[in-house]
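Per the numbering used here, the very first residue in the sequence shown carries number 1; after that it's consecutive.
See below for the structure under consideration.
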Amino acid sequence: MLRQVVDLTTRLYYYIFDRFIIYPLLRMLYTKFNCRFLNLGYLPEISDGKVNTLVEQLNENIDMRPHVYLYEKVLSLCPMYPNFAGMNVLEIGCGQGGGIEWIKQYVRVIFDIN
């Protein structure tokens, strides 16, 4: 019984922290600093040539590169990478929409669930 109470209290804490502290703070950062991505980013290894080359060719803002690299790493796991012609993409938990903006460069049909 005590374990269930602790578990429920923990879940409630994270729910409140998520909804009323983290997301409002991220919205404030977005409006103040144009922070379009909510992910922590990714820095590829030098040997990951496909991802490095593509991001550098597109001249993405240097501050946004780690976030874009994370999307590119995930997209590069698809056998069709980087040609996604005729494919549909589903973006779940799109946050501020930075990932969708990035993916739109490849794909015409994007579904988002926020």
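We put the CB at the ideal spot given by N, CA and C, even for glycine.
Where residue i sits in the DSSP three-state scheme
i          : result
residue 22 : helix
residue 46 : coil
residue 40 : coil
Test item: CB-CB of residue i and residue j under 8 Å
i          : j          : result
residue 43 : residue 66 : yes
residue 98 : residue 36 : yes
C-alpha distance - residue i paired with residue j, whole-angstrom precision
i           : j          : result
residue 30  : residue 96 : 8 Å
residue 88  : residue 2  : 47 Å
residue 90  : residue 16 : 27 Å
residue 102 : residue 68 : 7 Å
residue 76  : residue 5  : 43 Å
residue 105 : residue 8  : 43 Å
residue 19  : residue 33 : 21 Å
residue 26  : residue 39 : 11 Å
Proximity test, residue i beta-carbon vs the ligand COA heavy atom, cut-off 7 Å
i          : result
residue 74 : The model depicted lacks the ligand COA and carries no ligand whatsoever.
Exposure of residue i, with buried meaning 16 or more beta-carbon neighbours within 10 Å
i          : result
residue 41 : exposed
residue 72 : buried
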